[in-house]
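Trainee: Per our numbering, the very first residue in the sequence shown carries number 17; after that it's consecutive.
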Amino acid sequence: MDGTQLDTAPHAGAPDRAATINLLGVKVSALNLPEAVRRIEDAVVRRERGYVCVAGAHGLVDCQGDPTLREAFNNALLVTPDGMPLVWELRRQGHAEAGRVYGPDLMLALIERGQLNGLRHYLYGATPGTLAKLEAALTRKSPRARIVGSYSPPFRPLTETEEADVARRINAAAPDLVWVGLSAPKQERWMARMRHRLEAPVLLGVGAAFDFHAGNVRQAPARLQRAGLEWAFRLAAEPRRLWRRYLRVVPRYLALLALQRTGLRRFPDPGSQPPA
Numbered sequence: 017m018d019g020t021q022l023d024t025a026p027h028a029g030a031p032d033r034a035a036t037i038n039l040l041g042v043k044v045s046a047l048n049l050p051e052a053v054r055r056i057e058d059a060v061v062r063r064e065r066g067y068v069c070v071a072g073a074h075g076l077v078d079c080q081g082d083p084t085l086r087e088a089f090n091n092a093l094l095v096t097p098d099g100m101p102l103v104w105e106l107r108r109q110g111h112a113e114a115g116r117v118y119g120p121d122l123m124l125a126l127i128e129r130g131q132l133n134g135l136r137h138y139l140y141g142a143t144p145g146t147l148a149k150l151e152a153a154l155t156r157k158s159p160r161a162r163i164v165g166s167y168s169p170p171f172r173p174l175t176e177t178e179e180a181d182v183a184r185r186i187n188a189a190a191p192d193l194v195w196v197g198l199s200a201p202k203q204e205r206w207m208a209r210m211r212h213r214l215e216a217p218v219l220l221g222v223g224a225a226f227d228f229h230a231g232n233v234r235q236a237p238a239r240l241q242r243a244g245l246e247w248a249f250r251l252a253a254e255p256r257r258l259w260r261r262y263l264r265v266v267p268r269y270l271a272l273l274a275l276q277r278t279g280l281r282r283f284p285d286p287g288s289q290p291p292a
């Protein structure tokens, strides 16, 4: 193998936890992309099992009426600010270095870094055709990336027997990172449910990153992403599929945030619950 071997021996001492804020009852991590990459690599080195949720306003709104989903977020190793509204709130609360940890960017950064430290990657989700295009695109950008397996699940809930088979497949491939592209909130539920069955240190739910990197869906220009207008670009590209979601999510997120800021509504305290 080219590059430096990843040190996978257990490291002594408690891991350094990222600072968080309580945003609508969800424990959102105060991070930027380089810091998220560092913390995930450190979890792999420690063989510390956890999962990473990349959160936008959509995920936080969905948590409001779903305590099980909120628990899945709050048990995560990291809940990264995938959307600019979350970054703005982190900065408003004093975390000036916070930046967007966008799922597609996080995926590229860790796969590129993995060429140097021997990270092993597994791809779970999407269709067989999308997985083939995704793996080809990733290895074009990072020729020494170690993608050790992939699996396209059926578009229905898995049976207990099927979930056990999935766990055996993934564990047999011995990845360090399992990339999950099931869309939200399916991927958060899947990671929380499967975490105890999988030996890989870190699972990462990156949703649309699979379709973006496979070339199935066009990403918003960087200037629109920085302005927090990616949702408008995606709505214009797929109006029939997305208009109901954004009509529900955008006004509700703004209203809930206003209630939290003014103290007119109290949201559950995610506390200092350790990662599952």
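Positions of the beta carbon are idealized from the N, C-alpha and C atoms, including for glycine.
Specify, as a first and last residue, the run of the beta strand (DSSP E) that H111 falls within.
Mentor: Counting along the chain, H111 falls outside any beta strand (DSSP E), and DSSP gives it neither H nor E.
Trainee: Fully enclosed by the segment 50-116, which alpha helix (DSSP H) runs are 4 residues long or longer?
Mentor: Taking only runs of at least 4 residues, the alpha helix (DSSP H) segments lying wholly in the segment 50-116 are 73-80, 83-90 and 100-108.
Trainee: Counting along the chain, where does the alpha helix (DSSP H) carrying R205 start and finish?
Mentor: First-last of the alpha helix (DSSP H) with R205: K202 to M210.
Trainee: According to DSSP, simplified to helix, strand and coil, what is Y118?
Mentor: Coil.
Trainee: DSSP state of V233, grouped into three classes?
Mentor: It is coil, neither helix nor strand.
Trainee: Comparing alpha-carbon positions, which option in E51, Y167, G75 and L126 lies nearest K43?
Mentor: Considering only alpha carbons, the answer is G75.
Trainee: Can you name, in chain order, every residue of its own chain whose Cβ lies under 7 Å from the Cβ of A114, other than the five neighbours on each side?
Mentor: Only A46, L47, N48, P97, V103, L106 and R107 meet the Cβ criterion.
Trainee: Tell me whether the segment 198-212 and the segment 115-129 touch, counting them as touching only if at least three CB pairs, one residue from each stretch, are closer than 8 Å.
Mentor: Too few Cβ pairs lie closer than 8 Å, so no.
Trainee: Please state whether DSSP places N133 in a helix, a strand or coil.
Mentor: Note: N133 maps to helix in three-state DSSP.
Trainee: Is T177 helix, strand or coil by DSSP?
Mentor: Correct three-state label for T177: helix.
Trainee: Among P284, M207, F283 and D82, which residue has its Cα nearest to the Cα of L94?
Mentor: Cα-wise, what sits closest to L94 is M207.
Trainee: Determine the direct distance from the alpha carbon of L132 to that of Q203, and round the result to whole angstroms.
Mentor: Q203 and L132: Cα-Cα distance of roughly 28 Å.
Trainee: Output the boundary residues of the alpha helix (DSSP H) element that contains L47.
Mentor: No alpha helix (DSSP H) contains L47, which DSSP labels as neither H nor E.
Trainee: How long is the line joining the alpha carbons of R264 and D82, rounded to whole angstroms?
Mentor: Computed Cα separation, rounded: 16 Å.
Trainee: Is it true that the CB of C69 sits closer than 8 Å to the CB of G41?
Mentor: Against a cut-off of 8 Å, the Cβ pair of C69 and G41 comes out as no contact.
Trainee: Just to confirm the assignment: which complete alpha helix (DSSP H) runs, minimum length 4, are found wholly within the segment 147-197?
Mentor: Entirely contained in the segment 147-197, the alpha helix (DSSP H) runs reaching 4 residues are, in chain order, 176-189.
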